[in-house]
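Asker:
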Amino acid sequence: MKTDEPFRLPGVDFPQRAPSPLRFPLQPTPEMTSHGISLRMETPGDIPFIRSLYAGSRAAEMIALGNMWDRDTKQDFVEKQFSYQYIHHTSHYPGADYAIILRQGRPVGRIYLYWSQGHAGPSCRLFDFLILPDCRDMGIGSMILAALLRLARSMRASITLNVDTTNPARRLYSRFGFVEEAPGFRQATLAMRWQDGPISPGLRLTG
């Protein structure tokens, strides 16, 4: 009796991004410095970490699948999805700032920013912002976001992003003054924009 082959996405070539100094580095805030939070540019040596970080962001989805897929199929799916995302970022955001977030020198997240100049002035696309699950709800995201908004304010730049409606980060962005660009439309992903809003809605760090 023939059994169904396990689901598999097609493989892709995986060219590594060349390391590039951050064009617009975020200046550490006093809160970041006192809690050992810093940023550095991403390098090819960070690929194992960012792959694991991405897998953590998809863990709930894989758990929800239950026994529909076996463990190997889930792992294969997530690894290839990571490859697709890595290639997409590299090709769609040339010259972006790819930064690794550190806590006491240990990688705990990543933030990817694409700065551009348009007719309305400078703008920044925050196209990826992830923190390890065991380092969330500690104020790290708020500190990094506050540093970004300080820089944007000094440059008179706007910031745009997309966030899933079910993502808890949506509340964080709202606290910082990000507003929906198309309010009233029911959709899985929201487009949000910040323009000279608050930059410090009450930072905290525990542990």
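With the numbering used here applied, the sequence shown corresponds to residues 3 to 209, in that order. Just so you know, even glycine gets a beta-carbon here, dropped at the ideal spot from N, CA and C.
#1: Does DSSP classify Thr-35 as helix, strand or coil?
#2: Evaluate the contact criterion for the segment 138 to 155 versus the segment 74 to 90: three or more CB pairs, one atom per stretch, below 8 Å.
#3: Is Leu-151 closer than 8 Å to Leu-174 when the C-beta atoms are compared?
#4: Beta strand (DSSP E) containing Phe-131: first to last residue?
#5: Between the Cα of Tyr-56 and the Cα atoms of Pro-135, Pro-170, Glu-183, which residue gives the shortest distance?
#6: Rounded to a whole number of angstroms, what is the C-alpha to C-alpha distance between Arg-127 and Phe-178?
#7: So, under 8 Å CB-CB, Phe-180 and Arg-195 are touching, yes? Tell me the CB distance rounded to an integer number of Å.
#8: Spell out the partners DSSP gives Glu-182 in its beta bridges.
#9: Helix, strand or coil: how does DSSP classify Pro-17 here?
#10: Flag this pair as yes or no: are the beta carbons of Gly-58 and Gln-106 separated by less than 8 Å?
#11: Between Asp-166 and Gly-47, what straight-line distance do the alpha-carbon atoms span, to the nearest angstrom?
#12: Using DSSP's beta-bridge definition, name the partner residues of Leu-104.
#13: If we require 4 or more residues per run, which alpha helix (DSSP H) segments fall completely within the segment 23 to 99?
#14: Apply the 10 Å Cβ neighbour rule to Tyr-86 and answer buried if 16 or more other Cβ atoms are within range, or exposed otherwise.
Answerer: To lay it out plainly:
#1: Note: Thr-35 maps to helix in three-state DSSP.
#2: With the rule of 3 Cβ pairs closer than 8 Å, the segment 138 to 155 does not count as touching the segment 74 to 90.
#3: Between Leu-174 and Leu-151, the C-beta gap is not smaller than 8 Å, which leaves the two residues out of contact.
#4: Membership of Phe-131 in the beta strand (DSSP E) is indicated by the continuous run 123 to 133.
#5: Checking every option, the nearest Cα to that of Tyr-56 belongs to Pro-135.
#6: Approximately 16 Å between the Cα atoms of the pair.
#7: With a beta-carbon spacing of about 6 Å, Phe-180 and Arg-195 fall inside the 8 Å limit used to define contacts.
#8: In the DSSP assignment, Glu-182 is bridged to Met-194.
#9: Three-state DSSP puts Pro-17 in coil, outside helix and strand.
#10: Not a contact, by the Cβ cut-off of 8 Å.
#11: Spanning the two alpha carbons is a distance of roughly 29 Å.
#12: Residue pairing for Leu-104: DSSP places it in a beta bridge opposite Ser-40, Pro-109.
#13: List check, alpha helix (DSSP H) in window: 32 to 36, 49 to 59, 61 to 66, 73 to 94.
#14: Tyr-86 comes out exposed.
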